[in-house]
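>
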Amino acid sequence: MEPPSPESLSQEQAAGGRSDLASSLDPDYAGLQSHSFASKQAEALRQTLEKHRRGRHLIVIQDFPDPDALSGAWAYKLIAQEYDIHSDIVYAGTLSHQENVALVKLTSLPVQRWTPQAAKNKDLSIYQGCVFIDNQGTTSQLTALVQQAGIPVVVAIDHHSAQTDLQPEFADWRPDFRATATMVTQYLQAGLLNLDTSISQHLNCATALMHGIRSDTNNLRQALEDDFLAAAYLSRFYDSKLLDAVLQTSRSKRVMELCERSLRNRQVQNNFSIAGVGYLRYEDRDAIPQAADFLVTEENVHTAVVYGIVRDDSENLEVVIGSLRTSKITLDPDEFIKEAFGQDGQGRFFGGGRTGAGGFEIPLGFLSGSNDTACSGNK
Ligand SMILES: [Mn+2]
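If you want it as structure tokens, here you go:
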């Protein structure tokens with residue numbers, strides 16, 4: 064039997080009827096369908112932004128932001144600026160991946176770290192709205208604070224499968240998309256912001272978006288037509304030397320050591336490679352996905368899972384965190400992780416994913432069986 068093509072897989076995963084319709088049409092027409100959907104979404108976003116003119120919004124990205132989230136949030140901030148909306152991009156965890164640190168530094172990406180402790184001392188009443196980009200609030204420790212402060216969710220733009228029943232004023236969910244950066248680039252193409260290469264912020268943001276698309280599509284190897292079209296558009300504005308500089312950052316010694324540990328500890332069974340790396344420092348947790356990226360390159364391995372234990376001192380608890388990487392087209396990381404680990408007492412999943420990649424985070428109390436609700440939710 065023929066394995067399903069990436070396209071048909073993504074259509075199966077797609078929400079709503081749009082892709083079902085598109086799949087029955089010829090490829091060119093399907094492209095047009097996607098285009099008109101994108102312009103409809105851009106128009107809806109424009110109307111929402113218009114309503115919030117002169118407001119101030121908080122853009123929340125995941126605790127450990129990746130290039131897709133960082134660049135998508137930045138482009139969104141620039142778009143919102145056109146409507147005199149001032150927004151602050153914040154994350155609660157750490158920028159630990161060396162490439163992400165380089166991206167932020169080299170492009171002067173306007174992002175702020177708000178630890179949950181620091182966030183408690185912020186005056187949140189200055190924000191009339193909250194925005195989630197490349198996430199749905201489930202991967203940020205700031206979500207609870209924002210909700211407690213009663214800040215309404217104005218916009219949510221994401222390509223992960225639905226994680227929660229968040230009801231933003233404007234929602235753009237495209238689980239059949241590889242990258243949020245692609246979705247946001249389509250807003251630019253629809254005219255929400257005209258990029259201008261004489262403005263260095265625009266040039267840098269276009270470069271960041273290019274990096275975001277590349278990194279969420281496995282260097283374009285899993286890219287779909289929309290990603291290539293978005294990248295082609297960005298190619299008019301981005302700075303290839305700057306992107307080169309971001310990509311040339313080297314791995315830290317600790318990342319190398321963790322890759323070595325995962326290589327030593329791995330167990331390969333039925334094409335799955337699984338490695339526990341024991342305890343690691345909180346700020347080194349981005350080494351886990353890098354180790355998984357590495358293990359999945361071994362011959363006869365299609366899926367790698369690397370996990371370790373980090374201590375979250377602010378909450379005084381230990382958390383098992385892990386990453387999954389797969390090249391197996393028929394394995395849906397999101398489904399796999401949700402099925403394997405289930406939900407916590409509040410119905411929140413311990414993890415999720417997108418095409419080819421997924422991650423999870425499980426407080427150790429769950430594994431020791433002290434949380435009965437969570438355990439029963441797993442069955
Ligand atoms: Mn993403």
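So for the sequence shown, the working numbering puts the first residue at 64; every next one is plus one.
We put the CB at the ideal spot given by N, CA and C, even for glycine.
On a predicted model such as this, the values are computed, not experimentally measured, just so you know.
#1: Let me check you understand the geometry: is the CB of D131 closer than 6 Å to at least one non-hydrogen atom of ligand 1?
#2: Judging by CA-CA distance, which residue of K401, D356, G254 and A165 is the nearest neighbour of E145?
#3: Do Q199 and P179 have their C-beta atoms closer together than 7 Å?
#4: For ligand 1, I want to know if T418 counts as a neighbour, meaning its beta carbon is within less than 6 Å of at least one of the ligand's heavy atoms.
#5: Assuming L133 contacts V167 (C-beta within less than 8 Å), just tell me the rounded distance between them.
#6: Going along the chain, which residues of its own chain have a beta-carbon closer than 7 Å to the beta-carbon of L309, five neighbours each way excluded?
#7: Which residue's Cα is closest to the Cα of Y190: A225, I152 and V174?
#8: Going along the chain, which unbroken runs of the beta strand (DSSP E) with 3 or more residues stay wholly within the segment 217 to 289?
#9: So the alpha helix (DSSP H) I58 belongs to, where does it begin and stop?
#10: How about I400 and V383: do their beta carbons lie closer than 7 Å?
#11: How about D302 and L266: are their beta carbons less than 7 Å apart?
#12: If you draw a straight line from the C-alpha of I425 to the C-alpha of L387, how long is it?
#13: Give every residue of the same chain whose Cβ lies closer than 7 Å to the Cβ of K391, excluding the five residues on either side of it in the sequence, and list them in chain order.
#14: Excluding five sequence neighbours on each side, which residues of the same chain lie with their C-beta closer than 8 Å to the C-beta of V359?
#15: From L121 to S150, what distance separates their C-alpha atoms?
#16: Give the single residue among N333, E346, R329 and S159 whose Cα lies nearest to the Cα of G339.
#17: Should T243 be listed as close to ligand 1, given that the test is whether its C-beta is under 6 Å from any heavy atom?
#18: How is the beta strand (DSSP E) around T366 delimited, first residue to last?
#19: Report yes if the CB atom of E323 is closer than 7 Å to the CB atom of S159, and no otherwise.
#20: Out of A286, N334, A354 and A295, state which residue places its alpha-carbon closest to the alpha-carbon of S315.
#21: Measure from the alpha carbon of T202 to the alpha carbon of each residue in E402, R411 and I214, then state which is nearest.
#22: Kindly provide the ranges of any beta strand (DSSP E) runs that are 3 or more residues long and lie completely inside the segment 388 to 436, ordered along the chain.
#23: With the cut-off set at 7 Å, would you say F300 and T245 are in Cβ contact?
#24: Would you decide whether S99 is buried or exposed? Buried here means 16 or more other CB atoms lie within 10 Å of its CB.
#25: Do you know offhand how far P173's Cα is from V318's?
#26: Would DSSP call Q347 helix, strand or coil?
#27: Counting only beta-carbon separations shorter than 7 Å, does A132 have a partner in chain D?
Taking the structure as given:
#1: yes
#2: G254
#3: no
#4: no
#5: 7 Å
#6: Before going on, a small fix: residue 309 reads as Val here, not Leu. If we look at V309 and ignore the five residues flanking it on each side, its Cβ neighbours are E162, A165, L166, L169 and H274.
#7: I152
#8: 233 to 236
#9: Past the edges of the chain, shown from 64 to 442, lies residue 58, and the structure says nothing about it.
#10: no
#11: yes
#12: 14 Å
#13: H365 and T366
#14: S336, H365, T366, A367, R388, T389 and S390
#15: 6 Å
#16: R329
#17: yes
#18: T366 to D375
#19: no
#20: A354
#21: R411
#22: 414 to 417 and 420 to 426
#23: no
#24: exposed
#25: 26 Å
#26: Going by the sequence as given, residue 347 is Asp instead of Gln. In the structure shown, D347 sits in a helix (DSSP, three-state: H, G or I).
#27: Going by chain labels, chain D is absent from the structure shown, which holds only one protein chain.
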